[in-house]
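Notes follow once the structure below has been shown.
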Amino acid sequence: MYGDSETIRRRAAQLRDQGADVRALADELVARVEGLGWTGRAADAMRERVTDRASHLRRAADRHTGAADAMADHAESVDEVREEIAATEARVGALVADARARIAAI
Numbered sequence: 001m002y003g004d005s006e007t008i009r010r011r012a013a014q015l016r017d018q019g020a021d022v023r024a025l026a027d028e029l030v031a032r033v034e035g036l037g038w039t040g041r042a043a044d045a046m047r048e049r050v051t052d053r054a055s056h057l058r059r060a061a062d063r064h065t066g067a068a069d070a071m072a073d074h075a076e077s078v079d080e081v082r083e084e085i086a087a088t089e090a091r092v093g094a095l096v097a098d099a100r101a102r103i104a105a106i
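FYI, the numbering for the sequence shown is 1 to 106, going by full-length UniProt numbering.
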């Protein structure tokens with residue numbers, strides 16, 4: 001076996017799911033803070049900090065998605081290379097069989 005593209009695809013899907021989970025947590029964090037009904041300077045400071053943290057979480061989620069996309073592309077490349085290897089093996093096998101037949105005919 002020259003590469004396990006299905007395992008790569010499963011890991012890509014896991015990363016994509018993790019990215020979605022992180023993004024959902026960021027959204028939930030912001031929604032909870034906005035729903036507090038708290039006012040004043042301290043509340044504003046907290047909202048600003050939470051918004052900043054949520055932004056960091058969303059960037060992390062985007063990186064998960066980017067990594068998942070790269071892994072999915074890699075899985076496609078693995079499949080293409082495996083197909084090329086199989087075709088080459090078949091051609092070489094045919095050439096070897098032909099050579100053996102010619103030698104046997106001598």
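We put the CB at the ideal spot given by N, CA and C, even for glycine.
> Assuming V92 contacts G3 under a Cβ cut-off of 8 Å, what Cβ separation, rounded to an integer in Å, is found between them?
Replying inline: About 19 Å; that fails the 8 Å criterion.
> T65 by DSSP, collapsed to three states: which one?
Replying inline: helix
>> Output needed for D44: all residues of its chain with C-beta closer than 8 Å, excluding positions within five of it in sequence on either side, in chain order.
In response: none
> For M1, which three-state DSSP category applies?
Replying inline: Because the pLDDT at M1 is just 47, under 50, the model does not fix this residue reliably, and the point stays unresolved.
> Using the rule of at least 16 other Cβ atoms within 10 Å of the residue's Cβ for burial, across every protein chain shown, is M1 buried or exposed?
Replying inline: Because the pLDDT at M1 is just 47, under 50, the model does not fix this residue reliably, and the value given afterwards should be weighed accordingly. M1 should be labelled exposed.
> Nearest to R23 by alpha carbon, out of R10, R100, S55 and V33?
Replying inline: S55
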